[in-house]
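Peer 1:
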Amino acid sequence: MGSSVRAANMPEYLRRMLLCVFKQLPQRVLWKWEADHMPDVPPNVKLSRWLPQQDILGHPKIRAFVTHGGLLSMFETIYHGVPIVTIPVFCDHDSNAAKAHLDGYAIQLDLATLTADNLLRAIRNVIHTSKYKANVKRMQYLLKDQKETPLERAVYWTEYVLKHKGAEHLMSPARNLNIFQYYLLDVIALCLACLILSHYLLKLSITLVYKYLSGNIG
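Residues 793 to 1010 in our numbering are what the sequence shown lists, from first letter to last.
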């Protein structure tokens, strides 16, 4: 679950469900678990407080990756060409998982309706159905098809900024704005004032119309 979600805080029913699924797999399962102990761990499951995700995804024997769908995890799984099962939790996880599903290298599951059966089926599908591996390999090729390596690009731009004494021409004009301009506080204040005035005028109009009609009726 990455660094943003603590697996050790999950509900007990979910922990038991995951163990039930993992013990049915013939593969070895690595699980990031932030506590010192977990009961009833199957022999094919290895727990660790922290796992070197990049190294694991880059291992030639890795078959699938179950993830919450954080952006960095998505980039890493594409970079290493590993099909995934996503279980989004919050923030951008849903959109990342939906994009991966649309690109054909992931199966997206809903945490609220997650069951042992659909999780086990999803893991088996991404492992044994060739289209998921083929699609993630296609995405990997698109990602890596660059004229230079990321390290070479970082070195180039570092040297570029040093050569041009800070490269002021590349800096955002926003750095010259004060806090009111940067956050548009004056615009927000004007909009709020207009809303308050509109509310007041509407309330006043309704009151005057009501009094006028009441007077005529009387």
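Yeah, the Cβ is synthetic: ideal placement off N, Cα and C, and Gly gets one too.
Scan the stretch 811 to 858 and note each continuous alpha helix (DSSP H) run of 4 residues or more that stays entirely inside, going in chain order.
Peer 2: With a minimum length of 4 residues, the continuous alpha helix (DSSP H) runs that stay inside the stretch 811 to 858 are 845 to 849.
Peer 1: In whole angstroms, what separates the C-alpha of Val-837 from that of Lys-815?
Peer 2: Your numbering for residue 837 matches position 45 in the sequence shown. Your numbering for residue 815 matches position 23 in the sequence shown. Val-837 and Lys-815: Cα-Cα distance of roughly 7 Å.
Peer 1: Count the other CB atoms, across all protein chains shown, that sit within 10 Å of the CB of His-860; report buried if there are 16 or more and exposed otherwise.
Peer 2: Start at 1 with the first residue of the sequence shown, and residue 860 comes out as number 68. Answer is buried; the Cβ neighbour count reaches 16.
Peer 1: Determine the closest residue to Ala-926 out of Gln-938, Ala-856, Asp-886 and His-991, with distance taken between C-alpha atoms.
Peer 2: Counting from one through the sequence shown, the residue named residue 926 turns up at place 134. Minimum Cα distance to Ala-926 is reached at Ala-856.
Peer 1: With DSSP as the reference, identify every bridge partner of Ile-879, one or two as the case may be.
Peer 2: Here residue 879 refers to the residue found at position 87 of the sequence shown. Per DSSP, none; premise fails for Ile-879.
Peer 1: Is the beta carbon of Tyr-924 closer than 7 Å to that of Pro-875?
Peer 2: Here residue 875 refers to the residue found at position 83 of the sequence shown. Here residue 924 refers to the residue found at position 132 of the sequence shown. In contact: Pro-875 and Tyr-924 (Cβ atoms closer than 7 Å).
Peer 1: Kindly examine the ligand ADP and report whether one of its heavy atoms sits closer than 6 Å to the Cβ of Thr-950.
Peer 2: Absence of the ligand ADP from the depicted structure is noted, as is the absence of any ligand whatsoever, leaving it without description.
Peer 1: With distance defined between alpha-carbon atoms, name the residue in Asp-978, Ala-898 and Leu-839 nearest to Phe-867.
Peer 2: Mapped onto the sequence shown, residue 867 falls at position 75. Nearest C-alpha to Phe-867: Ala-898.
Peer 1: Can the beta-carbon of Gln-932 be found less than 7 Å from the beta-carbon of Gly-873?
Peer 2: Within the sequence shown, the letter at position 140 stands for residue 932. Within the sequence shown, the letter at position 81 stands for residue 873. Yes, they are a contact pair.
Peer 1: Inspect the beta-carbon positions of Leu-843 and Leu-822 and report whether they are closer than 7 Å.
Peer 2: Stepping through the sequence shown from its first residue, residue 843 is reached at position 51. Stepping through the sequence shown from its first residue, residue 822 is reached at position 30. Result yes, Cβ atoms of Leu-843 and Leu-822 sit closer than 7 Å.
Peer 1: Flag this pair as yes or no: are the beta carbons of Val-877 and Val-918 separated by less than 7 Å?
Peer 2: Position 85 of the sequence shown, counted from the start, is the residue given in the question as residue 877. Position 126 of the sequence shown, counted from the start, is the residue given in the question as residue 918. A contact, by the Cβ cut-off of 7 Å.
Peer 1: What is the residue span of the alpha helix (DSSP H) that Gln-932 lies within?
Peer 2: Here residue 932 is taken as the residue at index 140 of the sequence shown, counted from 1. From DSSP, the alpha helix (DSSP H) with Gln-932 extends over 922 to 936.
Peer 1: When you compare only the Cα positions, how much space is there between Leu-839 and Arg-967?
Peer 2: Counting from one through the sequence shown, the residue named residue 839 turns up at place 47. Counting from one through the sequence shown, the residue named residue 967 turns up at place 175. The straight-line gap from Cα to Cα measures roughly 46 Å.
Peer 1: Should His-885 be labelled buried (16 or more other beta-carbon atoms within 10 Å of its own) or exposed?
Peer 2: As a first step, residue 885 must be located in the sequence shown, where it is residue number 93. Its Cβ being crowded by 16 or more others within 10 Å, His-885 is buried.
Peer 1: Pull up the distance between the alpha-carbon of Ser-865 and that of Asn-970, whole angstroms please.
Peer 2: Here residue 865 refers to the residue found at position 73 of the sequence shown. Here residue 970 refers to the residue found at position 178 of the sequence shown. Distance between the alpha carbons of Ser-865 and Asn-970 is about 36 Å.
Peer 1: Using C-beta distances below 8 Å, list every residue in its chain close to Ile-848, excluding the 5 sequence neighbours before and after it, in chain order.
Peer 2: Within the sequence shown, numbered from 1, the residue matching residue 848 stands at position 56. Hits under 8 Å: Leu-822 and Ile-854.
Peer 1: Relative to the alpha-carbon of Pro-818, which residue among Tyr-805, Pro-834 and Arg-930 has its alpha-carbon at the smallest distance?
Peer 2: Here residue 818 corresponds to residue number 26 of the sequence shown, with the count starting at 1. Nearest C-alpha to Pro-818: Pro-834.
Peer 1: Please report the distance separating the alpha-carbon of Asp-828 from that of Ala-800.
Peer 2: Taking the first residue of the sequence shown as 1, we reach residue 828 at position 36. Taking the first residue of the sequence shown as 1, we reach residue 800 at position 8. About 10 Å.
Peer 1: Does the separation of the CB atoms of Val-813 and Leu-911 fall below 7 Å?
Peer 2: Taking the first residue of the sequence shown as 1, we reach residue 813 at position 21. Taking the first residue of the sequence shown as 1, we reach residue 911 at position 119. A contact, by the Cβ cut-off of 7 Å.
Peer 1: In whole angstroms, what is the alpha-carbon distance linking Arg-841 and Leu-806?
Peer 2: Translated into the one-based positions of the sequence shown, residue 841 becomes position 49. Translated into the one-based positions of the sequence shown, residue 806 becomes position 14. Between Arg-841 and Leu-806, the C-alpha separation is close to 18 Å.
Peer 1: Tell me whether Ala-981 sits in a helix, a strand or coil according to DSSP, three-state version.
Peer 2: Walking along the sequence shown from the start, residue 981 turns up at place 189. Residue state, collapsed to three classes: helix.
Peer 1: Considering Ala-946, what are the terminal residues of the beta strand (DSSP E) in which it resides?
Peer 2: For this step, residue 946 is matched to residue 154 along the sequence shown. Premise fails: Ala-946 lies in the alpha helix (DSSP H), 942 to 955, not in any beta strand (DSSP E).
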